[in-house]
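S.K.: I have a structure I would like to understand better, so I am pasting it below and will then ask my questions one at a time.
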Amino acid sequence: MERHLRAQGARPLREGANHSFWGIDAERSSAIPRHREIGIGLTRKICKDLGIPPPTGSR
1 MERHLRAQGA
11 RPLREGANHS
21 FWGIDAERSS
31 AIPRHREIGI
41 GLTRKICKDL
51 GIPPPTGSR
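Each step along the sequence shown adds one to the number in the numbering used here, with nothing skipped, and position 57 is 57.
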């Protein structure tokens, strides 16, 4: 997920206790949980929040 976010121009904004906060600009940001695997539904929601397409291969 992190590679996809970086490829789409997102950058880490800050670190929380259990989440990293990523954003494209001041208006578009999302919390990313620190898990090895993130479900497809959450992946789509994060991409929608940031206004970027979901990763290739996601249904």
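Heads up, the beta-carbon is just placed ideally off N, CA and C, and yes, glycines get one too.
The structure presented is a predicted model; accordingly, all values stated were derived computationally and were not measured.
Which residues bound the alpha helix (DSSP H) around Glu15?
M.R.: Counting along the chain, Glu15 falls outside any alpha helix (DSSP H), though it belongs to the beta strand (DSSP E) covering 11-15.
S.K.: For the beta strand (DSSP E) containing Ile38, name the first residue and the last one.
M.R.: No beta strand (DSSP E) contains Ile38, which DSSP labels as neither H nor E.
S.K.: Across which residues does DSSP place Pro33 in a beta bridge pair?
M.R.: DSSP lists His19 as the beta-bridge partner residues of Pro33.
S.K.: Roughly how many angstroms separate the alpha carbons of Trp22 and Ser30, rounded to a whole number?
M.R.: Distance between the alpha carbons of Trp22 and Ser30 is about 6 Å.
S.K.: Quick check: the region 37-45 against the region 11-27, are at least 3 beta-carbon pairs closer than 8 Å?
M.R.: no
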